[in-house]
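Comments concern the structure below.
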Amino acid sequence: MIDTIVLVLRQNMFTIADHNKFSPSTEGLFNDSYRLGGRSNMVCIQNPTSNELKQGIYKPRLTVTKRINKLHNFEIMLKIEFSIPKLLFGNNFDELEDNDFDKVIQILKNKLREMGVFILEHRLINAPVSNIHYSKNIPLTDYSTPYTYLEKLSKANINLRLDVNQTDFRNEGHSLKYRTNSFEVVFYDKLKDLDKAKISEKRAEEKDNRLQLDLFENGNFKRPFEVLRMEVRLNRKQKLVQMLKKVGFVEEPTFQALFKKDIAQKILLYYLGEIEAGFPAILRYESKPKDFMSEFVINNPKAGLRKALQMLGLRVLFDEIGVREFREITKQYGQQKWYKLNKELESFAYPVKPDSFTFLRRAVTKFKPLKMFDFKTQTINN
């Protein structure tokens, strides 16, 4: 569903009742004689403190900005950034449902009031969205681990398909991120990320993880229990609108309009499909070299022994280093050689077997909200 969202409101959509809750105070922003300095803008913020997060108190991150717009007039904008599940549940392991929206609006309105900002309910409901993070927490209860899937996904070659300018497989293999300036696609191990946050918040994928550090401390969860998270972060309004059109959504991107399982599901499936399309068919299923050779010969009787051995060698090499590293090693031969080789790889027949993508696609298609209660052990009172 949705995790983080950023709402942007114009001056006529909100009222600041307590300017001093911001740093620096926002009072000067509303005074025409107040000097903004050489850059002709001023930024005031109000974020949840570390102590509040430790106490389980979650609040949005607020930014009030005064600047000169394209028409050369001063404008004051309020940016509200928050994790919706953390606001509602106190953690973002639990996932939202469409019918949670009204409750979210009430809690958000009250939190903002506590922070000295008054916004009418209908303003929040119809607030414009500048960026949004759609996500799915996928529970693993079959003794598999997120690393199994992350290591597999890291071998995909999607840089050209998605115009990705950076790919990170980091944190000891517990996080995989495809990134550009306008969006990110991230897969990571939720429990390991929580462990990283206990050492340093900067090492984790999540913001404000301090809120949920004690979530598993009492140990009353069924085992095995791991969580693989897929997240698509649309960090620019232009990219958000582009993606919404791509999945058939043409409404204005407002809070209420985007709070829909259907949109989240379609966007996650779109990016999963792009990554899957960049994954070499020769690696789609698990097999030992001997089994691969036998199956390749059966499925491609006209290929010949030399070609079968070549494909076996490529399979072993791709399995070890992935396509991106292979292309880096062989770049001196030129891109056309790779395109020719890739076309040949796709021309062969391979066994159709369930693989990592089959599991991930099934989980996102089913889109059952993860509820931590479902994985807790039953306690019996004597």
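Numbered per the numbering used here, the sequence shown spans residues 380 to 761.
Heads up, the beta-carbon is just placed ideally off N, CA and C, and yes, glycines get one too.
Excluding sequence positions up to five before and after ARG440, its CB lies within less than 6 Å of the CB of ASN426, GLU460, all in the same chain and listed in chain order. Comparing alpha-carbon positions, the option among VAL743, MET751, ALA396 lying closest to MET609 turns out to be VAL743. Nearest neighbour of ASN399 by Cα position, chosen from ASN391, PHE393, MET392, LEU408, turns out to be LEU408.
In this model, TYR718 and ILE708 are separated by some 15 Å (Cα to Cα). In this structure, ALA660 keeps its C-beta atom at 8 Å or more from the C-beta atom of PHE675.
In terms of Cβ geometry, PHE634 and LEU503 form a close pair [threshold 8 Å].
Counting the other Cβ atoms within 10 Å of the Cβ of ASN588 gives 16 or more, which makes it buried. With a contact defined as Cβ atoms closer than 8 Å, LEU466 and VAL483 qualify at about 7 Å. ASN560 and ARG492 have their alpha carbons spaced roughly 34 Å apart. VAL606 is positioned such that its CB atom lies no closer than 8 Å to that of GLU584. Under the three-state reduction of DSSP output, GLN715 falls in the helix class.
Between the C-alpha atoms of PHE562 and PHE628 there is a straight-line separation of about 18 Å. In this structure, DSSP gives TYR513 an extended state, which the three-state scheme calls strand. In the structure shown, the three-state DSSP call for TYR649 is helix. About 6 Å separates the Cβ atoms of PRO464 and GLU474, confirming a contact at the 8 Å cut-off. For ILE459, the enclosing beta strand (DSSP E) begins and ends at 453 to 462. Taking a 10 Å sphere around the C-beta of ASP593, we find fewer than 16 other C-beta atoms and assign the residue as exposed.
Rounded to the nearest angstrom, the Cβ distance from LEU637 to VAL508 is 6 Å, consistent with a contact under 8 Å.
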